[in-house]
Amino acid sequence: MVNGEIRLGYSGLIIFLARLISVGTGLAFTLMVTRSISTETFGVYGNLSDVLSYFILASGVFPFWATRFVARNHVGSSVTVIFSNMLLAVPFIVVYLSLLPVIMPLFHVTSEFAFAYAVIGIQIFEVYLLNALEATIYAKKPQNVGIGIIIFETSKVCLGYVLILSLNIGLVGAILSVILALSIQVIYYLRSIVTVFHEKINWSYAKEWVKASPFNLYGIVGQKLADLALLLLFLYGGKIARGYYGAALTIASIVGYSSSIGSALYPRLLSKGESGDITFSIKLVSMFAVPMAFGAIMMGDSLLVILRSEYGIVRPVLTLLSIDVLLLCFSSIFGTVILGAEKLDADKVISWKKMSKSNFFLFLTLPYIQALVILPTIYYVLNFSVANALEAAFHVALTILIVDAALVSFRYIIANRSLHFKMPLKHIAKHSLASSGMTVLLYFVPHPTRLSLTVVLTLFGAFTYFVILSIIDSESRTILRKVIRELQETFKI
33 MVNGEIRLGY
43 SGLIIFLARL
53 ISVGTGLAFT
63 LMVTRSISTE
73 TFGVYGNLSD
83 VLSYFILASG
93 VFPFWATRFV
103 ARNHVGSSVT
113 VIFSNMLLAV
123 PFIVVYLSLL
133 PVIMPLFHVT
143 SEFAFAYAVI
153 GIQIFEVYLL
163 NALEATIYAK
173 KPQNVGIGII
183 IFETSKVCLG
193 YVLILSLNIG
203 LVGAILSVIL
213 ALSIQVIYYL
223 RSIVTVFHEK
233 INWSYAKEWV
243 KASPFNLYGI
253 VGQKLADLAL
263 LLLFLYGGKI
273 ARGYYGAALT
283 IASIVGYSSS
293 IGSALYPRLL
303 SKGESGDITF
313 SIKLVSMFAV
323 PMAFGAIMMG
333 DSLLVILRSE
343 YGIVRPVLTL
353 LSIDVLLLCF
363 SSIFGTVILG
373 AEKLDADKVI
383 SWKKMSKSNF
393 FLFLTLPYIQ
403 ALVILPTIYY
413 VLNFSVANAL
423 EAAFHVALTI
433 LIVDAALVSF
443 RYIIANRSLH
453 FKMPLKHIAK
463 HSLASSGMTV
473 LLYFVPHPTR
483 LSLTVVLTLF
493 GAFTYFVILS
503 IIDSESRTIL
513 RKVIRELQET
523 FKI
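Counting in our numbering, the sequence shown runs from 33 upward without gaps.
Here you go:
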């Protein structure tokens, strides 16, 4: 296993670069899918992801604790989590396949999609194994996670070209492309941490993780309760409404990639927590997240039409989701601070008593509050207040945005109580000002519908933003120079 100090900026930038690359590959793959299947089938594709998420609920439980153990150099934790997670995957696969005769009729899915739903069982196992491998990599060399992302995304596009476009097998081709690409990513991860298999499995670690797992499951179930909003949208708003929401979320999710810049903050806080690292991470994330959100809102028409011409009407939904994802970028850092500053498992023993009184437990409780507000509101709106699929998607997005805005504030309070840090409000304001200048310029430029022209206009907008930011913020100029120097050293330019 590779040891050494984790460079906060280096690791974050590599992962962010991987995410940016995945924007292109992800868009290419989505275009293959949306232009090869109907809007209704794309809604089924979204439902497949929704259903899958409930059977990989436990995939991150052991890896969560393993990352903390590996970061603190507890020998044997890597190999223990790999074998533990593979064993854990088996019952979930069995239960999923057994419940398919119930799941498909429940969501009014016809038998023509039976194979598509069945083959997802393979992906369940892959996700459990992948999460276990990433637990070790993330703790010691998080930039390798970025490389893994690039491998997965490029493989997915190449496989998609063959299976979706060349062989023309539509939805099943999309699913198989993802499954095979995940297999390639797993192989890379196995090669990068092969030395951990020389260590002995320490089942006492697994025992502690099992003991603590009710708290993880408590948090996961709370989050999934809130995520039931999308299932309600599918059930009561219809497949088209879910497809509209999925299209808008596809674009808005790109904004969330900027949160990966702060990904190395977690292992850094586990080893040596410093408030300065938190402030720096917020600055860096804000520098990219804010203009990306502004850009997604302003160029929403062009970006959505690229997916499919009929998605152009979904721009209001994209606007709401872009703002929501921007808030979640900051929320992710606050969550990292809460988890990274917690020392209750530092001695390899996890106490329920300490856990129940910790900020960690309070953090896990917030999704229940979210679900308590979101679910009844969305149920009422979808059944009594909307007239069509677009309205259904819009009201779901609006409800989620309002509740998430409140939760971000709560997470900030808890994070600051865990480890005091300064919010760089001045820098966020400058990022917003520069983004506003970029947006004004983009407003007066005709918005294209062709992919190539949209990419050019996007790059032009990014260039404009950084020029304005460099003029009004000297510290950003310094950070940008460091970013360029870091990339030059990394890729030997």
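Yeah, the Cβ is synthetic: ideal placement off N, Cα and C, and Gly gets one too. Since the model is a prediction, treat every value here as computed from it, not as a measurement.
Top-ranked residue by Cα proximity to residue i, from the options
i    : options                   : result
V329 : L371, S236 and A284       : Looking at the sequence shown, residue 329 is not Val but Ile. Minimum Cα distance to I329 is reached at A284.
Y160 : I196, V122, K385 and Y149 : V122
L451 : F392, L473 and I432       : F392
V357 : F442, G344 and V317       : V317
S464 : A321, A261, P174 and S383 : A321
E507 : H459, V218 and F476       : H459
L80  : P137, I152 and N105       : I152
A273 : S43, I504, T481 and I345  : I345
A279 : M319, S295, P323 and R340 : R340
S484 : V337, F145 and L396       : V337
L129 : L120, I114 and A146       : A146
G270 : P480, I445, N420 and F426 : N420
L371 : N176, I310 and T409       : I310
G294 : I365, K304 and R513       : I365
Y343 : V428, T431 and E72        : E72
D377 : R223, E240 and P480       : E240
F94  : V127, G308, M455 and A164 : A164
Alpha carbon of residue i to alpha carbon of residue j, nearest angstrom
i    : j    : result
R509 : V499 : 10 Å
I169 : F96  : 12 Å
V335 : F74  : The sequence as given places Leu at residue 335; Val does not occur at that position. About 17 Å.
I179 : K188 : 14 Å
L195 : G202 : 8 Å
V76  : V141 : 8 Å
L398 : A438 : 10 Å
Y276 : L264 : 14 Å
N117 : L162 : 9 Å
A461 : S313 : 16 Å
A373 : V134 : 43 Å
I47  : S291 : 10 Å
L353 : L422 : 14 Å
I156 : L84  : 7 Å
E144 : P137 : 12 Å
I538 : E166 : The structure shown does not extend to residue 538, since the chain is modelled only from 33 to 525, so the question has no answer here.
V381 : S417 : 51 Å
F139 : F266 : 8 Å
S303 : V472 : 44 Å
F428 : S441 : Position check: residue 428 holds Val in this sequence, whereas Phe was assumed. In a straight line, the C-alpha of V428 is about 21 Å away from that of S441.
I504 : Y497 : 11 Å
L257 : L396 : 12 Å
L132 : F87  : 12 Å
Simplified DSSP assignment, three categories, for residue i
i    : result
A419 : coil
L161 : helix
A296 : coil
V134 : helix
R100 : helix
E306 : coil
N200 : coil
E507 : helix
G78  : helix
T481 : coil
I314 : helix
V369 : helix
L376 : coil
R223 : helix
F139 : coil
G108 : coil
M33  : With a pLDDT of 37 at M33, under the threshold of 50, the modelled position of this residue cannot be trusted, and the question is left open.
S68  : coil
V381 : coil
I154 : helix
K514 : helix
S390 : coil
8 Å Cβ cutoff met for residue i and residue j
i    : j    : result
F326 : M470 : yes
Y220 : L52  : no
V107 : K172 : no
T99  : Y237 : no
L89  : Y268 : no
T351 : Y298 : no
G58  : E185 : yes
V210 : A148 : no
S467 : A296 : no
L491 : V477 : no
I286 : M324 : yes
For a minimum of 4 consecutive residues, which ranges assigned as the alpha helix (DSSP H) are wholly contained in the stretch 229-288?
235-264 and 271-288
List in chain order: all unbroken alpha helix (DSSP H) runs of 4+ residues lying wholly within the stretch 417-472.
421-450
Threshold first: 4 residues or longer. Then list the alpha helix (DSSP H) segments lying entirely within the stretch 172-220, N to C.
175-192
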